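Engineer: In my numbering, the protein residues as written are 3 to 208.
For every residue, glycine included, the Cβ atom is placed at its ideal position computed from N, Cα and C.
This one's a predicted model, so the numbers in the text were calculated from it and none came from an experiment.
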Ligand SMILES: C[S@@+](CC[C@H](N)C(=O)[O-])C[C@H]1O[C@@H](n2cnc3c(N)ncnc32)[C@H](O)[C@@H]1O
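1. DSSP three-state call for residue 199: helix, strand or coil?
2. Rounded to a whole number of angstroms, what is the C-alpha to C-alpha distance between residue 183 and residue 125?
3. Return the CA-CA distance between residue 192 and residue 127, expressed in angstroms with no decimal places.
4. Provide the residue(s) that pair with residue 53 in DSSP beta bridges, ordered along the chain.
5. In or out: residue 78 buried (at least 16 other Cβ within 10 Å) or exposed?
6. Closer than 7 Å to a non-hydrogen atom of ligand 1 - does that hold for the CB of residue 37?
7. According to DSSP, is residue 9 part of a helix, a strand, or is it coil?
8. Going by DSSP, what residues sit across from residue 59 in a beta bridge?
9. Cβ of residue 84 within 8 Å of Cβ of residue 67?
10. According to DSSP, simplified to helix, strand and coil, what is residue 207?
11. Report all residues from its chain with a CB closer than 6 Å to the CB of residue 189; omit the five preceding and five following residues, and keep chain order.
12. What do you reckon, is the C-beta of residue 9 under 7 Å from a heavy atom of ligand 1?
13. Would you say the region 138-156 touches the region 98-114, given that touching needs at least three Cβ pairs under 8 Å?
14. Do you know whose CA, among 6, 102, 54, 153, lies nearest residue 27's CA?
15. If you reduce the DSSP assignment to three classes, tell me which class residue 125 lands in.
16. Say the cut is 7 Å; is the CB of residue 86 nearer than that to a heavy atom of ligand 1?
17. Would you call the region 11-30 in contact with the region 40-52, where contact means no fewer than 3 C-beta pairs closer than 8 Å?
18. Provide the residue(s) that pair with residue 77 in DSSP beta bridges, ordered along the chain.
19. Let me check understanding here. Comparing Cα to Cα, which of 158, 31, 56 lies closest to residue 38?
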């Protein structure tokens, strides 16, 4: 039986995210944090030949799935997935990690910081800041709460549902995300509205 996992939402939002990447991704090495099934990275790599993609995830079953998707495509610009948890102190400290380049052009992270404890986001920003050059791109994708503005009912419901499943999870308010990013050395660049009340948040290493 194939190790390939199929996340239906990932299949749906791969193309809209790719359109953002086409406009904003610099050439070079791109780390994807929390690659999940691997569907995103395979889609991106097949359309962005100027980039080398480095997928990762802390879940061994997901790493197997990513490897299975990669094996099927036979693409030359995706590297084998690595086990990476953003709360790993070595990642956070910017220490070299086996299987990953030390300097990256950009880091992508889709649908992770709401479905993990807040420490995962803090660790993401800390480690990303150590591996990106000045102005390097950290791109987040997912649902975010826009404090002070009208939030989509679906995002508010999703927030409650996440918190019922795990009190440490929850759709993160944008001001909190910007604050955490700023504390780690990132400047907010722009917010891009995406289908189904999701967003891309573009952050730049300052
Ligand atoms: C909802 S899935 C999203 C997968 C994929 N990015 C997507 O959009 O389809 C969340 C992923 O976050 C990963 N994850 C959870 N905690 C993490 C952490 N501390 N560091 C890195 N990844 C984490 C999980 O293993 C899972 O693959």
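Structural biologist: A quick look at the data gives this:
1. DSSP, reduced to helix, strand and coil, places residue 199 within a helical segment of the structure shown.
2. The straight-line gap from Cα to Cα measures roughly 10 Å.
3. Distance from the CA atom of residue 192 to the CA atom of residue 127, rounded to whole angstroms, is 16 Å.
4. In the DSSP output, where bridge partners are listed per residue, residue 53 has 30.
5. It counts as exposed.
6. Yes.
7. The three-state secondary structure of residue 9, taken from DSSP, is coil.
8. As computed with DSSP, residue 59 is found in a beta bridge with 85.
9. Contact flag unset, no.
10. Strand at residue 207.
11. Excluding positions up to five away in sequence, the list reads 206, 208.
12. Ligand 1 approaches residue 9 closely enough that one of its heavy atoms is under 7 Å from the residue's Cβ.
13. Output reads yes: the region 98-114 touches the region 138-156.
14. Residue 27 has its Cα closest to that of 54, out of 6, 102, 54, 153.
15. Here residue 125 sits in helix by DSSP.
16. True, at least one ligand heavy atom lies under 7 Å from that Cβ.
17. Yes: at least three Cβ pairs fall under 8 Å.
18. Residue pairing by DSSP leaves residue 77 without any beta bridge partner.
19. Residue 56 is the option with its Cα nearest to residue 38.
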